[in-house]
Structure formats: C-alpha cells, structure tokens
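Chains as they are written, first to last, in full-length UniProt numbering: chain A, 1 to 358; chain B, 1 to 358. Here a beta-carbon is modelled for each residue, glycine too, at the ideal position from N, C-alpha and C.
Number of protein chains: 2
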Amino acid sequence: MASLDLRSDPVDLTAALVDVPSSSGEEAALADAVEAALRVQAPHLEVVRHGDAVLARTDLGRAERVVLAGHLDTVPVNHNLPSHRTGSGEDEVLHGLGSVDMKGGDAVFLHLAATVPEPRHDVTFVFYDCEEVEAARNGLGRIERELPEWLRGDLAVVGEPSNAVVEAGCQGTMRVELRLAGTRAHTARAWMGDNAVHALAEPLRRLAEYEARVVEIDGLTYREGLQAVRVEGGVAGNVVPDEAVLAVNHRFAPDVTAERAEAHLREVFDGYDLTVVDCSPGALPGLAAPPAAELVRAAGGQVAAKLGWTDVARFAALGMPAVNLGPGDPTLAHTRQENVPAWQVRRVTQVLRQLLAG
Amino acid sequence: MASLDLRSDPVDLTAALVDVPSSSGEEAALADAVEAALRVQAPHLEVVRHGDAVLARTDLGRAERVVLAGHLDTVPVNHNLPSHRTGSGEDEVLHGLGSVDMKGGDAVFLHLAATVPEPRHDVTFVFYDCEEVEAARNGLGRIERELPEWLRGDLAVVGEPSNAVVEAGCQGTMRVELRLAGTRAHTARAWMGDNAVHALAEPLRRLAEYEARVVEIDGLTYREGLQAVRVEGGVAGNVVPDEAVLAVNHRFAPDVTAERAEAHLREVFDGYDLTVVDCSPGALPGLAAPPAAELVRAAGGQVAAKLGWTDVARFAALGMPAVNLGPGDPTLAHTRQENVPAWQVRRVTQVLRQLLAG
C-alpha cells in the first residue's frame, strides 16, 4: 500500500496523492492509503470507512462544526501520470492527473487533519468516490443517504479548484426544450408545408438578444446566462421539416427560486411549447453566520460568486453555508495538461489553518 | 411466369402489372413477363433485355423518334397487394402498390407497344429497374452508360404520375450547407464563449423572409423554393456550442443555370461559410419543336410546369425535350393507400395514342 506522510509539505502530499491512480470506480488503493494514514497519523479523529469513501471527525464539543469535503477520484488517465514538477519558488508548478481536480484540495485537508489536533471548531473530513461520473454513483450522495449525520455542520468547504479563492453560493441551472411544429411537404412544393426549422429564427433571436442579469448578493456578483445547447431538425434532403427542437440551459442567480426561473423562461419564450428537462436550484452564499464569516476574514475578505454547479449545492441543500475553496485553475480540470501552482496549495492551507487553528 | 395481355384494357393491364410484385432489386419476374409479352404480342419491335430492364423499338425511318420510359420497380410491399378495385364508371379506382408509381404509366406504354404497330414517329420503349433506390443503381443510368443510343430521340415521355397532365421542363435542385463557428465555453461562464447556435438566428430569418420567384417560361409557371432541410448543433447540456450546421435545399426554375443559382445563394447568405453539397440543374420545357408540340396539342394544350426532379431531367440533359405524363396523384406515391383513378389511365392512353397514331 502507498504510504502517505500527512505532515509533509502539502505540495509534496499532493504529488503523493496524484501518484496513486484513482479514476472513478478504482479509488480503493487511494482510499486504503488515506484511511491508514489518518488512523496512524491523526489518532485524535474518529475514522470510518464507507465503501471507497473515508470519513473522519473530531468531537470536541465545539459550538460550530466545519465540514471539509473532497473527492478522491479523477477522470481517466490521459498520458498524465506520474506527477512531475517545473519551476521553483513562486513559479513552482506540479503537473499530473488530479493535481487540479482535486488532489490539491484533498492534500490540504489531509495535512490539516494531521497537524491541527485541537481545532477551534469541530471538523468533519469527507473523502469520497465517484464524483466524476453519473450523479447516481456519487459517493457523497451515498453518504447523504446512509450516514447523513456525517455531512451536518455550520459550514461546508468543498475543495474543488477555485484558484485558491473562496467561491460562495451557487447558481441554479435549468434545462428546457422548445418544440416547434410545422407541416411536412416536398421541398419542390414547399408552399404546401410549413418549415419548423425556419420557425427557430424567432426564439434564436430572443436568445441572441437576451441580456443576462448581473446580480449582487452579499457583495458577490452572480452572472446569469441563457444559452442554446442543442438544436435539431430535419427529415431528409428534399423534405420541409415538420419538427425542430431547441434545448436551452439557463443559469440563474441564487436569489431566484426554481419556480421563478421557470416562469421567467416561459415569459422569454412566450408563445412556444416549453418543457423543463431538469433543474437544480441555486444556493445563497449565507456568509454572515459563523464560522463562514471567519473563513471570509481568513481569506482576507476575498470572496467570489460561484457560478457553476458543484457538490457545494448538496451541502447548501442541507441548509448550511457552503463554499468552494481549492487550489488550481478549474478550466484545466479534465485536460491532459492538468497542473497546479504550488503557491495556491500553500495559500489554501494557510487560509484554512487560520480558520481552524486561529 | 405471369402472362400479360397487352391488348387488354390498360386498367386491367395495370392491375396485372401490380399483381407481379417488383420491389427494387426484385424486378426479374416482372421483367421476364414484360419481355415475353413484347416478343410475342409486339413482333414489329426489336426487343433487347438488359439486366432487369426491357428495351423495345420500331425502326420505320420516321423523321422523329419518341422515347417512352417507365420504371418497373416499386417501393417495398406495405400490406397493399394484391390489387383491388372500388367504384365503377367515372369513379372506378384501382388500388395497390405501384398503381400510382408507376405501373399505370407502364401499362399505357405496353398497351401502345402492342396496339400501334405503325406509329407516325419511331418509338423506343424503356422499361427499367431500380428507380426507387440510390441513384447509382438506377437502371436508366446503366442504360445511358452501356446502350446510350437507346435513349436518343426528339421527345422523351416519362410515365411518372402527373394526374394525367403533361408536366414539362424540370426545376433544378441544389443543396448547400452553412457552417457557423463560435467559441466553446461552460454555460456557467457563457460570456467567455460565442454561441454558434444563436448565430443561426440571422440566416434562419433570411430563410423565413425569403420570397421565392414565380417564373413564367413558355407559358408554364415555375415556383422556386428555398428551405432549410436540416439543422444541427450542440456539444453537451452545459456547453456553449462552437459549431452549428444548416442544410438548405434550393429549387430553381430552369431559366437559371446551376452557376447562377449558386451565386444567388451566396448573395442570400452573404457573410456565411457556404458549401454546395449537390446540384442537379433544371431543364427548359422546349415544347416548341415537333413532336413535343404535337403532344401538347394531343393533350388539349393543357401543360403544367414540372416542379420536382425526376428521371425526366436525365433525358433533358441529353438535349431533348422531356416531359412527365402518367396517371395517378403523385402525392399518393410511396403511401400504403396508393390508388389510381381508372379514367386517368384511359386519358393518358388516349393522349399518347393521338401522338403516335394521329
């Protein structure tokens, strides 16, 4: 079994985690190493193995509890293992699969688990499996169903890459489909038909001209969006199409409920046959309450709005403030050239140590 | 082998042809019956078997030659065999696969082959295979390559259903593709991308507002058309699409060359990346020269513009006037309920007998 030194520099620990391959469904070796390291090097924690997830927590009777959650799995290997480094000092960079998404965040959490034995807040660590595959397999979902008390707390920090900046709240996402109907005809007698694809001109014009809201909430700026993500239509090369489908993805700020978002889309596409395909509501940042406010102070007051939808929303749905904070540029996630600047790993460690150790 | 009585009423003969199944590629039995009937019942004709096509002609040294062409194949059986009849007198209707497309026309030609032994014009009969499948298998194309002299003449009549009205000339057809490019991005950060599907709004608006030309040529009215036939775009439910494709079918009157039609589309879609996918030029009616003018007189002067593209265009491309004249409603072709009014079979017989026998 791979041996992990949780007290080592978090950048070295990130490299050690990267070098234990753990694509989704194959996290056992890494979970074994994490579990063994926690049991030996963080004896102050209660440790539970749950499938290929590893859970650990303090029980110091503190007023508040912070949950630190990170997935152990990566997307499949793509000629980007083992890890290697380039540069030095401020320019030091660690390259390799998972360096961004999200073994950098895992390394920070594991390092704190071993080096802050008496945190100011109770802490729960959740290292889980199968985040990179379909939602039904997500380890966090399994824990939520089977060990729900392990996810409860007053603040959740998910270590997904955020360029080492606290990202708070979460926009909602809704997908809808517009179905346009026409009348089929031979293109040589087109006037006998009614072209459903031509009818897309108007809803596409509305999309192209749509001005997305920019919303300030608790000092954070959320940018909404309304984008066609798929268009389809056509029967044959000589047939006037009688059906066209336009799929649209709406991202909405967390001050809007799913119901209001749907009503808004029905206004935008008034006159069209609209079906909601799926919807995940957003989450308000909720940064006023401790210990979320302390985290913001520890981060020097630098907080950004979370625009995408991540597992942060699962915690938000449980009614607790939830933020994203991890090293690495999220746009490098899932790319062959994943790499994380060493300073970001150290920066996240410093911010969270400030939160937990004061 | 099925026995055909070519001297019988053309409606009875249509029923006999319908009752010999001949979906594309399986025309052998019908071709055998047609060949045997012509050899025995039209001994004045030179008969040649060519694959599952049957060719027959007079060689009387007339000044002009008329080519009568019909395909023997049908689309696949669809619970519409054997034939049956409804009504009587003016309302008599023959039902069954191929009654419209186009054994009614074949029956008329076969009847004339046997009953007009000394026509005023030399006549070539072409009964061919595989018209209902991909162009590469079309029997007429094979004859054009291997026995081209059998298609030459001063007028071609293709017996495809035309409601017993002479349809002359042929519109051209051109398919083009517009490719719209954008920039891919996550829909949560849509402003970093450029949505190629949204960009379809403008070319679709031009299509929806396009006013197709209506053109008079030799007294015939051609109606052009410009129709989207396919639209495609989309990467994933959370991705701003970076490509969209719009396929458009243009039908153009025969006073426009393929080159001018393409130039026109490049004007209509100015500013867009346009590729011509395929093109078949139209054919001018050319009804002034004998014996085409005689056919128009025989039809009582009633002639319509041919809007679709049929094998008529193959003859037009050989430089001869070519018309479509056959019993049956073309909109019933390829439907389960194919049926032909008996009077239309008799009407086409009468018009062509007038042309050939005077």
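Interface residues of chain B facing A/T58 [CB-CB closer than 8 Å]: Within chain B, no residue has its beta carbon less than 8 Å from that of A/T58; the closest one is some 34 Å off.
What residues from the stretch 249-262 of chain A come within 7 Å of chain B, judged by C-beta to C-beta, listed N to C? N249, R251
Would you grab the beta carbon distance between B/P254 and B/L295 for me? Rounded to a whole angstrom, and I think it's under 8 Å. Between B/L295 and B/P254 the Cβ distance is about 18 Å, and since that is not below 8 Å, they are no contact.
I'd like to know whether the C-beta atoms of A/L274 and A/L200 end up nearer to each other than 8 Å. no
Do the stretch 212-230 of chain A and the stretch 210-219 of chain B meet, that is, are 3 or more Cβ pairs less than 8 Å apart? no
Determine the chain A residues that contact B/Q302 at a beta-carbon separation under 7 Å, and present them in chain order. Within chain A, no residue comes near B/Q302; the closest Cβ sits about 19 Å away, beyond 7 Å.
Would you kindly check if the distance between the Cβ of A/R57 and the Cβ of A/T124 is under 8 Å? Cβ atoms of A/T124 and A/R57: closer than 8 Å.
Between B/E177 and the rest of its own chain, which residues show a CB-CB distance below 8 Å, the 5 nearest in sequence each way excluded? V245, L246, A247, V248, L274, T275, V277
Chain A residues whose Cβ lies nearer than 8 Å to that of B/A188: Q171, T173, G225, R251, L307, G308, W309
Does DSSP put B/P203 in a helix, in a strand, or in coil? helix
Would you mind telling me which residues of chain B sit closer than 8 Å to A/H198, beta carbon to beta carbon, in chain order? L204, L207, A208, Q227, A228
Grab the span of the beta strand (DSSP E) containing A/A236 for me, first residue to last. Per DSSP, A/A236 belongs to no beta strand (DSSP E) and is neither H nor E.
Listed by chain order, chain A residues near B/P241 by CB distance under 9 Å: Within 9 Å of the CB of B/P241, the CB atoms of chain A belong to Q227, A228, V229, R230, V231, in sequence order along the chain.
Counting contacts by CB-CB distance shorter than 8 Å, is B/G234 in contact with chain A? Interface residue, yes.
A/G282 versus A/A261 - alpha carbon distance: Approximately 11 Å, taken between the alpha carbons.
A/V240 and A/T173 look like a contact to me (Cβ under 8 Å); what is the Cβ gap, rounded to whole Å? That pair is no contact at about 35 Å.
Span of the beta strand (DSSP E) holding B/A304? 303-305
Per DSSP, cross-strand counterpart(s) of B/Y272: In the DSSP output, where bridge partners are listed per residue, B/Y272 has none listed.
Residue range of the beta strand (DSSP E) that includes A/V93: 93-95
Would DSSP call A/Q171 helix, strand or coil? Coil at A/Q171, not helix or strand.
Between the alpha carbons of residue 365 of chain A and A/L4, how many angstroms are there, rounded? There is simply no residue 365 of chain A to check, as chain A begins at 1 and stops at 358 in what is shown.
Neighbourhood of B/A357 by C-beta distance below 8 Å, restricted to the same chain and skipping five residues each side: V116, P119, R120
Would A/A201 pass as an interface residue toward chain B - the criterion being a Cβ-Cβ separation below 8 Å? Interface residue, yes.
If we cut at 8 Å on Cβ distances, does A/N238 have a partner in chain B? yes
Using C-beta distances below 8 Å, list every residue in its chain close to A/L207, excluding the 5 sequence neighbours before and after it, in chain order. Only residues of its own chain outside the window of five on either side were considered, and among them L226, Q227, A228, V248 have a CB closer than 8 Å to the CB of A/L207, listed in chain order.
Within-8 Å CB hit, B/N195 to chain A: yes
In the DSSP assignment, what are the bridge partners of A/R49? Paired residues: A/V54.
According to DSSP, is B/D73 part of a helix, a strand, or is it coil? B/D73: coil per DSSP, three-state reduction.
Listing by chain order, which chain B residues have their CB less than 8 Å from the CB of A/A247? G234, G237
Go to A/R152, then tell me how far its alpha helix (DSSP H) extends in each direction, as first and last residue. First-last for A/R152: undefined, no H or E at that position.
Buried/exposed call for B/Q302, threshold 16 Cβ in 10 Å: exposed
Can you round the beta-carbon distance between A/D73 and A/S24 to whole angstroms, since I take them to be within the 8 Å contact cut? 4 Å
Can you check whether the CB of A/D311 is closer than 8 Å to the CB of A/L68? Not closer than 8 Å, so no.
Nearest CA to the CA of A/H250: which residue from B/R189, B/P341, B/L180? Restricting attention to B/R189, B/P341, B/L180, the CA atom closest to the CA of A/H250 is found in B/R189.
Is there a Cβ from chain B that is less than 8 Å from the Cβ of A/W191? yes
From the beta carbon of A/A33, is the nearest beta carbon of chain B less than 8 Å away? no
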